[in-house]
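Student: So that we are looking at the same thing, I have put the structure below in structure tokens.
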Amino acid sequence: MQARAREGGLLRGRIYLGVAGLIMLVGLVLLLRGALAASVAEQQLRREALAARVFDELEGSLASFVAAEQARPFVQWRREWVAAASKREPIASRSPLAEIPDRPFVLGYFQIEPDGQFASPMLPGPDEPRDDPTQAPALARAEQLRALNQDLENSEPVAVLDQPQQQQQIQQQAQQQAVPEDVQIQRALDQQSIARQRKNAAANSNNIGFDPDLEQLANFLADDAAQLDDALDVRVTSFVAEPIGDSLRLIRTVEIGGQRWLQGLVVDRHALERWLEQDVLGSPELSGFVKLEWGAGGSVNAEAGRWTHQFAPPFSELQVTAALGPVNTLASHSARVVLGLGLGLGLALLVVLIAVERTLAGLHARAQERERIVAAVTHELRTPLTSIRMYSEMLEQGIVADPERQRGYHKTIRTEAERLSRLVDQVLLLARLDGRGGPKVIEQAALARLDEVVAGVGELLRPQADARGLVVDVELGEGTAGAMVARDSLTQILTNLADNALKFTPCEGEAVQLCAWRDGDRLRVAVRDRGAGVEPQVLPHMFEAFVRGPREAEQAVPGTGMGLAVVQSLVDELGGEVWGQNRAGGGLEVELSLPGFHDGRRASS
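According to UniProt numbering, the residues represented by the sequence shown are 1 to 605, in order.
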């Protein structure tokens, strides 16, 4: 009943342990998952911040370009212009816009006169030959500009276009829904900063063009400076962009005294994109990490590492997608640290659970061992006690009148009492040896000669052997007479071994041998019998406490399984070794190797 209750308690303990371990494991997994998700979110925010930084740099490059173009004096759109009026005579020079532009993405500059005629600083003047080979590239570029701007000739000047800006605002609102609020705020602040910088740069640079002197105006208007009014109103607007095929046209309006000119330049869209990409992503590290995709087909996908940006006016027609690739969970150092800590905690949890389970199993095994001890000792105690009680009652009640039978009963009572005493001594000795609570055998050893101890054990067991029709042979080798051993310990060892040998040797069988000899500095003692031997699966555990083979259980051989455990403990205290092996032809041989003693001290091995 107690065993079943203990088994149930062990099962419940294991179930509770498994449930607790599962709960802790699930919590650890959720914690690890949350930490990795936070790491991924952090990486995504960093990558988005990098994409926003790239977009800001692109906007800054375009803003610098537009500011530089807006700062050009409108009078440079003539083939010849007056850079600075002289007090004596105005000095006219070739406009810097008459040559092929230095920027590879700028095709050239053009102007639509108030009468709707196309003009360009790149076209030769009336007095210049048109077949000059040095001017051929500029002339070809001017004709290309004329073809691209045919729609502006003889037409009303364009006004600032609001629709692209409205489209940009709509797309920006759609993009903002896919990013966190703090990123939206930061991006809005950045856009406002860019707009302010662009506005201030344009305003500061336009001061040059808005306040020309009379000589510059006269050169631009092809009029006499003396006839011009100092209060002549001059207004220059900012550039706006229009798409024309694969190019962009930047145009502005110049109003002087009621007349209106369209001034502009044509930009190759693809060349501009390549220039921006080279200008912003010039370093190999950045260009290998960020890929720019131009065009209106991009979309925002933070998980895939893609963010889209539409530029501010006048480049509202330009749209770019920064592709940084999906987030690698283990690319971040913090993610690797979290994962390592999680795995370490998981391993520690597993080790703790295994240790607790092993502890429970050990406690259960010890409880079972205690039960076996109690059962074995109780059984062994009950048999002699029953005999003593039965024979003593018969003698007390006078049932047995024959004096010879009375002497036999008294002898049986004495024999069973001695057996009971030996059993109690075995239990106490094993408890002392296992707990190491008593004095060391070596420190308090009473020494005796090896041959005397072995011969004494043979004489002690001779009555038991005679009762079973057996013989105990004592064989002593050379050197045993001068060898000193711990008398009591070796006597107990040989008594236990010989008692087992007599117990398992068939009656009228071969003799039990007690052998002793010297082997160098070691003393060897062996006990041999011709019994059934020990099962192979039990042989490695034969010196453990309360171990009994299946043959003993089937044949109900009396014993507690403590004798050989006592032998092992005593041999260990003597500093020796003991082992057993089955003999060829049947039987068991147990052999000991012990250190000898000289003058009360152990001999060095």
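Cβ coordinates follow ideal geometry from the N, Cα and C atoms, glycine included.
Can you check whether the CB of leucine 107 is closer than 9 angstroms to the CB of leucine 265?
Tutor: To locate residue 265, count along the sequence shown from 1; it is residue 265. To locate residue 107, count along the sequence shown from 1; it is residue 107. Going by C-beta atoms, leucine 265 is nearer than 9 angstroms to leucine 107.
Student: Take the Cβ of histidine 309 as the centre, count every other Cβ of all protein chains shown within 10 Å, and call the residue buried at 16 or more, exposed below.
Tutor: Here residue 309 is taken as the residue at index 309 of the sequence shown, counted from 1. Classification for histidine 309: buried.
Student: Using the Cα positions of glycine 257 and arginine 79, report the straight-line distance between them to the nearest angstrom.
Tutor: For this step, residue 257 is matched to residue 257 along the sequence shown. For this step, residue 79 is matched to residue 79 along the sequence shown. Cα atoms of glycine 257 and arginine 79: separation of roughly 22 angstroms, rounded to the nearest angstrom.
Student: Comparing alpha-carbon positions, which option in Thr134, Pro114 and Gly580 lies nearest methionine 122?
Tutor: For the purposes of this step, residue 122 is taken as residue 122 along the sequence shown, with counting starting at 1. The shortest Cα separation from methionine 122 among Thr134, Pro114 and Gly580 belongs to Thr134.
Student: Measuring CB to CB, does leucine 470 end up less than 9 angstroms from threonine 505?
Tutor: Locating residue 470 in the sequence shown gives position 470, counting from the first residue. Locating residue 505 in the sequence shown gives position 505, counting from the first residue. It is a contact, given that the beta carbons lie within the stated cut-off.
Student: Is it buried or exposed, threonine 253, if we count other Cβ atoms within 10 angstroms and call 16 or more buried?
Tutor: Here residue 253 refers to the residue found at position 253 of the sequence shown. Buried, by the Cβ-count rule.
Student: Around the C-beta of valine 236, are 16 or more other C-beta atoms found within 10 angstroms, so that it is buried, or is it exposed?
Tutor: Position 236 of the sequence shown holds residue 236. When all chains shown are included, valine 236 counts as buried.
Student: Which of helix, strand or coil does DSSP assign to leucine 470?
Tutor: The residue you call residue 470 lines up with position 470 of the sequence shown. DSSP places leucine 470 in coil when its eight states are reduced to three.
Student: Does DSSP put leucine 341 in a helix, a strand or coil?
Tutor: Position 341 of the sequence shown, counting from 1, holds the residue named residue 341. Correct three-state label for leucine 341: helix.
Student: What's the call for glycine 586, buried or exposed, on a 16-neighbour Cβ count within 10 Å?
Tutor: Residue 586 sits at position 586 when you count from the first residue of the sequence shown. With fewer than 16 Cβ atoms within 10 Å of its Cβ, glycine 586 is classed as exposed.
Student: Strictly by DSSP, which residues pair up with threonine 321?
Tutor: By one-based count along the sequence shown, residue 321 stands at place 321. In the DSSP output, where bridge partners are listed per residue, threonine 321 has Glu293 and Thr308.
Student: Less than 9 angstroms between the C-beta atoms of leucine 497 and leucine 564, yes or no?
Tutor: Counting from one through the sequence shown, the residue named residue 497 turns up at place 497. Counting from one through the sequence shown, the residue named residue 564 turns up at place 564. Yes, the Cβ-Cβ distance between leucine 497 and leucine 564 is below 9 angstroms.
Student: Whose C-beta lies closer than 8 angstroms to the C-beta of leucine 58 among residues of the same chain, with five residues either side of it excluded?
Tutor: Walking along the sequence shown from the start, residue 58 turns up at place 58. Short of 8 angstroms from the beta carbon of leucine 58, and not among the five residues preceding or following it, lie these beta carbons of its own chain, in chain order: Leu276, Val280, His309, Phe311 and Val320.
Student: If contact is defined by three or more beta carbon pairs under 8 angstroms, each pair taking one atom from either stretch, is the segment 5–22 in contact with the segment 353–360?
Tutor: Touching, yes, given that three or more Cβ pairs across the two stretches are closer than 8 angstroms.
Student: CA-CA distance, arginine 47 and aspartate 233?
Tutor: As a first step, residue 47 is located in the sequence shown; it is residue number 47 there, counting from the start. As a first step, residue 233 is located in the sequence shown; it is residue number 233 there, counting from the start. Taking the straight line joining both Cα atoms gives about 51 angstroms.
Student: Do you know how far the Cα of arginine 389 is from the Cα of glutamine 406?
Tutor: As a working mapping, residue 406 is identified with position 406 in the sequence shown. As a working mapping, residue 389 is identified with position 389 in the sequence shown. Cα-Cα distance, rounded: 14 angstroms.
Student: Beta-carbon separation of phenylalanine 220 and tryptophan 81 under 9 angstroms?
Tutor: The residue given as residue 220 occupies position 220 in the sequence shown. The residue given as residue 81 occupies position 81 in the sequence shown. Yes, the pair counts as a contact, with Cβ atoms nearer than the cut-off.
Student: Assuming alanine 501 contacts valine 512 under a Cβ cut-off of 8 angstroms, what Cβ separation, rounded to an integer in Å, is found between them?
Tutor: Along the sequence shown, read from residue 1 onward, the residue named residue 501 stands at position 501. Along the sequence shown, read from residue 1 onward, the residue named residue 512 stands at position 512. The Cβ separation is near 5 angstroms, so the contact holds.
Student: Within a Cβ cutoff of 6 angstroms, which residues of the same chain sit near leucine 318, ignoring the five residues on either side of it in sequence?
Tutor: Your numbering for residue 318 matches position 318 in the sequence shown. The answer, listed in chain order, is Phe311.
Student: If I measure Cβ to Cβ from valine 290 and keep anything under 8 angstroms in the same chain, skipping five residues before and after, which residues do I get?
Tutor: For the purposes of this step, residue 290 is taken as the residue at position 290 of the sequence shown. Only Leu50, Ala51, Val54, Leu281, Ala322, Ala323 and Leu324 meet the Cβ criterion.
Student: So, do the segment 145–152 and the segment 113–120 have three or more beta carbon pairs nearer to each other than 8 angstroms?
Tutor: yes
Student: Bridge partners for serine 93 per DSSP, in chain order?
Tutor: Taking the sequence shown and counting its residues from 1, the one referred to as residue 93 is at position 93. Trp81.
Student: By Cβ distance below 6 angstroms, which residues in the same chain neighbour alanine 516 in space, the five residues on each side in sequence not counted?
Tutor: Taking the first residue of the sequence shown as position 1, residue 516 is located at position 516. If we look at alanine 516 and ignore the five residues flanking it on each side, its Cβ neighbours are Leu450, Val454, Leu476, Thr480 and Val525.
Student: Between Ala83, Arg141 and Leu62, which has its C-alpha nearest isoleucine 100's C-alpha?
Tutor: The residue given as residue 100 occupies position 100 in the sequence shown. Residue Arg141 is the option with its Cα nearest to isoleucine 100.
Student: Please classify leucine 514 as buried or exposed, where buried requires at least 16 other C-beta atoms within 10 Å of its C-beta.
Tutor: For the purposes of this step, residue 514 is identified with residue 514 of the sequence shown, where counting begins at 1. Leucine 514 comes out buried.
Student: Per DSSP, which one or two residues make a beta bridge with tryptophan 261?
Tutor: Counted from its first residue, the sequence shown places residue 261 at position 261. Per DSSP, Val254.
Student: DSSP has alanine 110 in a bridge; who is on the other side?
Tutor: Against the sequence shown, residue 110 aligns to sequence position 110. This sequence places phenylalanine at residue 110; alanine is not what is there. Phenylalanine 110 is bridged to Gly264.
Student: Just tell me which of Gly297, Pro313, Ala37 and Leu428 has its CA closest to the CA of tryptophan 307.
Tutor: Your numbering for residue 307 matches position 307 in the sequence shown. Relative to tryptophan 307, the option among Gly297, Pro313, Ala37 and Leu428 whose CA is nearest is Gly297.
Student: Whole angstroms is fine: what's the gap from leucine 385's alpha carbon to isoleucine 413's?
Tutor: Stepping through the sequence shown from its first residue, residue 385 is reached at position 385. Stepping through the sequence shown from its first residue, residue 413 is reached at position 413. In a straight line, the C-alpha of leucine 385 is about 9 angstroms away from that of isoleucine 413.
Student: Looking only at its own chain, which residues have a Cβ that is under 7 angstroms from the Cβ of alanine 35, when we skip the five neighbours before and after it?
Tutor: Taking the first residue of the sequence shown as position 1, residue 35 is located at position 35. If we look at alanine 35 and ignore the five residues flanking it on each side, its Cβ neighbours are Val338.
Student: Check whether the Cβ atoms of leucine 447 and methionine 394 lie closer than 9 angstroms to each other.
Tutor: Here residue 447 refers to the residue found at position 447 when the sequence shown is read from its first residue. Here residue 394 refers to the residue found at position 394 when the sequence shown is read from its first residue. Their beta carbons are not under 9 angstroms apart, which means leucine 447 does not touch methionine 394 by this criterion.
Student: How is the alpha helix (DSSP H) around aspartate 572 delimited, first residue to last?
Tutor: Position 572 of the sequence shown, counted from the first residue, corresponds to residue 572. Residues 563–573.
Student: Between aspartate 488 and the rest of its own chain, which residues show a CB-CB distance below 7 angstroms, the 5 nearest in sequence each way excluded?
Tutor: Taking the first residue of the sequence shown as position 1, residue 488 is located at position 488. So the list reads Ala446, once near-sequence residues are dropped.
Student: Mind checking whether leucine 347 and phenylalanine 105 have CB atoms under 9 angstroms apart?
Tutor: For this step, residue 347 is matched to residue 347 along the sequence shown. For this step, residue 105 is matched to residue 105 along the sequence shown. No. Outside cutoff.
Student: Compare the Cα-Cα distances from residue 610 to each of Glu577, Leu22, Leu10 and Glu591 and report the closest residue.
Tutor: Any answer about residue 610 is impossible in this case: the structure gives the chain only from 1 up to 605.
Student: Does DSSP classify leucine 502 as helix, strand or coil?
Tutor: Translated into the one-based positions of the sequence shown, residue 502 becomes position 502. Looking at leucine 502 - three-state DSSP - the assignment turns out to be helix.
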